[in-house]
Every structure is written in C-alpha cells, then in structure tokens.
Amino acid sequence: MQTVKTLDMLRTALGQLRGDGKRIALVPTMGALHEGHLTLVRRAQAVADHVVASIFVNPKQFGPNEDLDAYPRQLAADAAMLEGEGCALLWAPSAEAMYPAGFATNISVTGVSDGLCGAARPGHFDGVATVVCKLFNQVQPDVALFGEKDFQQLAVIRAMARDLDLCRPHVDAIIGVPTVREADGLAMSSRNRYLAPEQRAAAAALPRAMRAAIAAIKGGADVAGALAGLEAEIVAAGFDRIDYAVLADSTSLTPLPALTTGPARLLVAARIAGTRLIDNMAVNPQ
Ligand code: PAF
Numbered sequence: 001m002q003t004v005k006t007l008d009m010l011r012t013a014l015g016q017l018r019g020d021g022k023r024i025a026l027v028p029t030m031g032a033l034h035e036g037h038l039t040l041v042r043r044a045q046a047v048a049d050h051v052v053a054s055i056f057v058n059p060k061q062f063g064p065n066e067d068l069d070a071y072p073r074q075l076a077a078d079a080a081m082l083e084g085e086g087c088a089l090l091w092a093p094s095a096e097a098m099y100p101a102g103f104a105t106n107i108s109v110t111g112v113s114d115g116l117c118g119a120a121r122p123g124h125f126d127g128v129a130t131v132v133c134k135l136f137n138q139v140q141p142d143v144a145l146f147g148e149k150d151f152q153q154l155a156v157i158r159a160m161a162r163d164l165d166l167c168r169p170h171v172d173a174i175i176g177v178p179t180v181r182e183a184d185g186l187a188m189s190s191r192n193r194y195l196a197p198e199q200r201a202a203a204a205a206l207p208r209a210m211r212a213a214i215a216a217i218k219g220g221a222d223v224a225g226a227l228a229g230l231e232a233e234i235v236a237a238g239f240d241r242i243d244y245a246v247l248a249d250s251t252s253l254t255p256l257p258a259l260t261t262g263p264a265r266l267l268v269a270a271r272i273a274g275t276r277l278i279d280n281m282a283v284n285p286q
C-alpha cells in the first residue's frame with residue numbers, strides 16, 4: 001500500500017490504479033481506526049477493484065470547544081491496519097494541503113443538517129460536507145462508503161452529492177454500512193477510547209436503553225413516554241447530558257411524534273464524563 005500526502009502524488013497513484021477502467025472505492029476516515037472502519041474497507045473490496053482510504057482529521061468539522069487537539073492521531077498504526085486489509089492507497093493530506101492559504105469555500109446543506117447533531121454542533125455538517133466534497137473531487141471514486149453510525153452525516157453527504165450533481169461518486173454509489181458494535185452492544189467509535197473502564201462499562205446502557213425504547217414503541221407505547229424512559233435509564237447509568245433522543249423519519253430526519261408505517265429511526269446523542277456518544281437504530285426498516 002502506498003501512502004501519499006500531496007495532490008500530485010495522489011493523482012499519479014490513482015492514474016496507475018485506474019489502469020484499464022478499474023473501479024475505485026473510497027473509504028473516508030479521520031483515522032484512529034477500529035473494526036468499524038475495517039468493515040467499510042472489506043465491504044469496499046467487494047464492490048470495487050481497488051480501495052483508497054483517506055485519513056484526515058478535518059479541523060472544519062470541530063467546534064471551538066470540541067476535541068480537535070485531543071482527537072487520536074496514529075497514522076503509522078492506521079496505515080498498517082489498512083495495508084493488512086489489502087487497501088491499495090492511503091491519502092493522508094496535511095491541513096495545508098487540504099486547505100491552502102486563501103481557501104474560502106463552504107458547502108452548507110440546509111434541511112437535513114439543521115436538527116439533531118447539526119443543532120448541537122453548529123457548523124459541524126458544513127465542515128463535513130466541504131471536506132467530503134473535496135475528497136470526492138480529489139479521488140473521484142466510483143463508489144464511497146460510510147458507516148451508518150453517523151446516520152445524519154450520511155444523509156447530509158447524500159443530499160450534497162444529489163444537489164451538486166456529483167458523478168464520481170454518483171449519489172446512488174454512496175453506500176451506508178451498518179454499525180459495528182462491541183460485544184455489549186456499544187457502537188464502535190474512535191471516541192470510545194476517551195472512556196475510563198467504569199465509564200466504558202456504563203456506556204453500554206445506551207444501546208440497551210435504545211433497544212428497550214424501540215420494543216416499547218413497536219409494542220404501541222407512547223413515543224414521548226418511551227423516549228423519556230430511555231433518557232431516565234441512561235442518566236441513571238451515568239450519562240450526564242443528553243443532546244437529543246428522537247424518533248425520526250429515516251430520510252428527512254424530521255421528528256415523528258408517533259410511529260407510522262414509514263421508515264423510522266431512533267437517534268440519540270448523549271455525553272458521559274464529557275465524551276459525546278451517538279447511536280441510531282432502525283425502528284421501521286427503510
Ligand atoms: O466520519 C468521519 O470520519 C468524518 O466525518 C469524515 C466523513 C471522514 C469527514 O471528515
């Protein structure tokens with residue numbers, strides 16, 4: 001696997017990989033890789049001839065009081081994991097290569113970005129949409145893969161690709177891959193490593209409470225009551241702040257006061273000892 005850090009090197013390496021019409025899959029990441037990312041790489045291998053991964057801790061998607069400086073950086077270890085999975089190329093630009101002096105463009109996807117994490121983290125999805133659009137233009141992949149754990153992010157990226165008529169990748173070639181979970185149900189996340197052992201154990205209350213709320217809602221319980229029960233359960237387990245716990249339409253992400261027959265998802269963001277965890281689960285499949 002080759003690691004490239006400049007756009008010129010990326011273009012040369014991609015030209016070689018493309019050969020006679022070979023299909024390229026892109027797996028964008030911020031590094032600190034775990035089994036969830038490696039699952040994306042494996043799935044990418046099944047749909048393309050070559051997999052390109054990117055690692056870039058994107059400053060534009062972190063707010064002023066967020067964890068940009070603390071975000072784990074471990075390029076050598078990540079590169080070894082990607083190589084072990086048979087990744088062909090790693091694109092690891094510096095902040096200066098991604099955002100040269102004078103960079104002045106912002107991509108803002110209204111609507112689907114506005115609520116949930118968009119409300120709790122102003123500007124976050126502008127940063128995501130801007131960097132992902134750049135990554136798509138830089139790599140021009142046939143297909144791109146993202147984890148469903150960041151469900152709203154996936155919706156924002158699809159809306160951006162649709163609205164800007166992107167063709168590499170086309171909106172239909174943006175694949176969401178189901179969340180990979182630890183044995184106790186906690187969704188895998190690079191941020192889980194911030195948790196001390198007792199907080200990590202307590203964090204498993206989140207998926208547990210989500211499953212209980214889904215069972216209650218599907219069993220006919222009032223949505224507001226089931227969500228209040230979920231919130232009480234995770235607070236009792238040690239979560240100290242809840243950004244949201246919402247039943248939403250799976251496409252528009254608008255909150256649903258009651259379950260309908262249409263696709264619905266339960267989405268939660270909550271903090272435990274300062275670490276913000278997000279999770280989502282299908283209530284009615286899409
Ligand atoms: O999900 C992530 O790791 C990031 O938000 C992404 C998509 C790589 C953009 O920086």
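In this text, residue positions in the sequence shown follow my numbering: the first is 1, and each later residue adds one.
Backbone N, C-alpha and C define an ideal beta-carbon position, used for all residues, glycine too.
Because the structure is a prediction, the values reported are computed rather than measured.
Cβ-heavy atom distance, residue i to the ligand ADP, below 7 Å
| i | result |
| --- | --- |
| F136 | What this structure holds is the ligand PAF, not the ligand ADP. |
Reduced DSSP category for residue i - H, G, I as helix; E, B as strand; rest coil
| i | result |
| --- | --- |
| N137 | helix |
| I217 | helix |
| V112 | coil |
| P178 | coil |
| T3 | strand |
| D165 | coil |
| H170 | strand |
| R271 | strand |
| F151 | helix |
| A196 | coil |
| L277 | strand |
| I234 | helix |
| L206 | helix |
Local Cβ density within 10 Å of residue i, reported as buried at 16 or more and exposed below that
| i | result |
| --- | --- |
| L75 | exposed |
| G219 | exposed |
| D279 | buried |
| S252 | exposed |
| N58 | buried |
| P93 | buried |
Beta-carbon proximity list for residue i, same chain, < 7 Å, skipping 5 on both sides
| i | result |
| --- | --- |
| Q16 | none |
| G176 | F146, E148, L154 |
| D180 | The sequence shown places Val at residue 180, rather than the Asp named in the question. Result list for V180: E35, G36, T39, M188, in chain order. |
Residue i to residue j span [Cα, whole Å]
| i | j | result |
| --- | --- | --- |
| N106 | A221 | 43 Å |
| D20 | I55 | 27 Å |
| Q138 | G63 | 25 Å |
| A48 | L82 | 16 Å |
| L277 | R168 | 31 Å |
| A159 | Q199 | 36 Å |
| D114 | D142 | 29 Å |
| R100 | G127 | The question names Arg, but residue 100 in the sequence shown is Pro. Their backbone Cα atoms lie some 15 Å apart in a straight line. |
| L68 | Y194 | 13 Å |
Beta-carbon proximity list for residue i, same chain, < 6 Å, skipping 5 on both sides
| i | result |
| --- | --- |
| P255 | V246, A248 |
| Q286 | S250, P263 |
Close Cβ partners of residue i (< 8 Å) along its chain, the five nearest in sequence each way excluded
| i | result |
| --- | --- |
| E233 | A205, R208, A209, A212 |
| P122 | G63 |
| L259 | I217, K218, V223, L247, V283, N284 |
ask   = Quick one: complete beta strand (DSSP E) runs, 3+ long, within the segment 40-102?
value = 50-55, 89-91
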